[in-house]
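Undergrad: The structure is given below, and queries will be raised subsequently.
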Amino acid sequence: ANRVLNDLQTNTRSTFDKSWMHTPDALAKHYIPYNAKFLGNTEVDQPKGTEIVKEAVRKLKFQRHIKKSEGQKTQKVELQISIYGVKILDPKTKDVQYNCQLHRISFCADDKTDKRIFTFICKDSESNKHLCYVFDSEKCAEEVTLTIGQAFDLAYKKFLESGGKDVETRKQIGTLQKRIQELETENSGLKKQLWELEEQLMIAPVPPAGSISLKPPMSTDVFDMVPFSAVTPLVPIPASNGTPPPPTTTSPPDMSKDLFGAEPFDPFTCGQADFPADIQSRLDEMQEGFKMGLTLEATVFSLEPLGGRC
Numbered sequence: 037a038n039r040v041l042n043d044l045q046t047n048t049r050s051t052f053d054k055s056w057m058h059t060p061d062a063l064a065k066h067y068i069p070y071n072a073k074f075l076g077n078t079e080v081d082q083p084k085g086t087e088i089v090k091e092a093v094r095k096l097k098f099q100r101h102i103k104k105s106e107g108q109k110t111q112k113v114e115l116q117i118s119i120y121g122v123k124i125l126d127p128k129t130k131d132v133q134y135n136c137q138l139h140r141i142s143f144c145a146d147d148k149t150d151k152r153i154f155t156f157i158c159k160d161s162e163s164n165k166h167l168c169y170v171f172d173s174e175k176c177a178e179e180v181t182l183t184i185g186q187a188f189d190l191a192y193k194k195f196l197e198s199g200g201k202d203v204e205t206r207k208q209i210g211t212l213q214k215r216i217q218e219l220e221t222e223n224s225g226l227k228k229q230l231w232e233l234e235e236q237l238m239i240a241p242v243p244p245a246g247s248i249s250l251k252p253p254m255s256t257d258v259f260d261m262v263p264f265s266a267v268t269p270l271v272p273i274p275a276s277n278g279t280p281p282p283p284t285t286t287s288p289p290d291m292s293k294d295l296f297g298a299e300p301f302d303p304f305t306c307g308q309a310d311f312p313a314d315i316q317s318r319l320d321e322m323q324e325g326f327k328m329g330l331t332l333e334a335t336v337f338s339l340e341p342l343g344g345r346c
């Protein structure tokens, strides 16, 4: 029987809701832990497919039997499933070995004859290769598979309901951070120019308010001429035809921009803007992963029952 979560319009069929194992809050505010034995992961060439995972399970089972014959035990792990992903941890140290984000998980399957083996395919965040993870879950394979499916379902709904605003907010935050860096650089340049002007003009201290400052008469040289100064006087120069210069006009401030010349930030408004490439690529990758959907299947991984415990 196939259970498919790739209906993009309704996100999930109503029959799935009857099969879910946990309350939404348990996966949204906490996580569901499972203990399992980790057979390992192996690269596959497709994000979905029963035959793809069957071959991966056969391969990892064979490697497991070789290690067992050499005296090596199968690694025990703890799975923590929530709307944020599937974490694979060391059960003693709680060190995270793998963190599989839900939008990167495209296929889950459990062995309908064994009830212990389950697997999922996840796209690696660094190499972008599809990796198949295989576990022995002590007769709760179907429950783990359904829990991952429910977590994906809830995460996708959250993405559709509030993800648009959250995504645009993150984009605008990235844009504002970039703008702040530009303003800081510009501010440093302006400070340097101001310091140079102060050095040139040797600005005298401003007299306190209410005091009367008498400007001393300008001294002249022996030829009754005003001494030459290399500094250009900061006074308006009359026009060549003798008419006074036109009055200085001040344009009204642009209310569509803030004090720093940036667009006002409104987390509830989604406008067009140029976003940093790294943020844009992450958002595109999330959208692509959720649109691909998650396929859940119950299948037979092996015609022979699993021989002995791992």
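Positions in the sequence shown are counted from 1; adding 36 to them yields the working numbering.
The beta-carbon is built from N, C-alpha and C at its ideal position, and this holds for glycine as well.
1. Where G107 and Q99 are concerned, what is the direct C-alpha to C-alpha distance, given to the nearest angstrom?
2. Is the CB-CB distance between T181 and H58 below 8 Å?
3. Compare the C-alpha of V122 against each of T129, K103, Q111 and C144 and name the closest.
4. Check this for me: beta carbons of L115 and P69, under 8 Å apart or not?
5. Using the rule of at least 16 other Cβ atoms within 10 Å of the residue's Cβ for burial, across every protein chain shown, is L233 buried or exposed?
6. Can you tell me where the beta strand (DSSP E) holding L330 begins and where it ends?
7. Quick one: what does DSSP say I119 is sitting in, helix, strand or coil?
8. Is V67 helix, strand or coil by DSSP?
9. Could you tell me whether the region 148 to 162 touches the region 124 to 133, where touching means 3 or more Cβ pairs closer than 8 Å?
10. Give me the Cα-Cα distance between E87 and T129, rounded to the nearest whole angstrom.
11. Would you list the one or two residues that DSSP bridges to I141?
12. So, with DSSP's three-state summary, where would you put Q213?
13. Considering only residues of the same chain and omitting the five flanking positions on each side of D160, which have a CB-CB separation below 7 Å?
14. So, is E222 buried or exposed, given that buried needs 16 or more other C-beta atoms within 10 angstroms?
15. When burial is assigned at 16 or more other CB atoms within 10 Å of the CB, is K65 buried or exposed?
16. Using a 10 Å radius around the Cβ and a threshold of 16 neighbouring Cβ atoms, would you call R94 buried or exposed?
TA: In short:
1. 13 Å
2. no
3. C144
4. yes
5. exposed
6. L330 to T335
7. coil
8. With the sequence shown as reference, residue 67 is identified as Tyr, and Val is not the correct amino acid for it. Here Y67 sits in coil by DSSP.
9. no
10. 35 Å
11. C158
12. helix
13. L167
14. exposed
15. exposed
16. exposed
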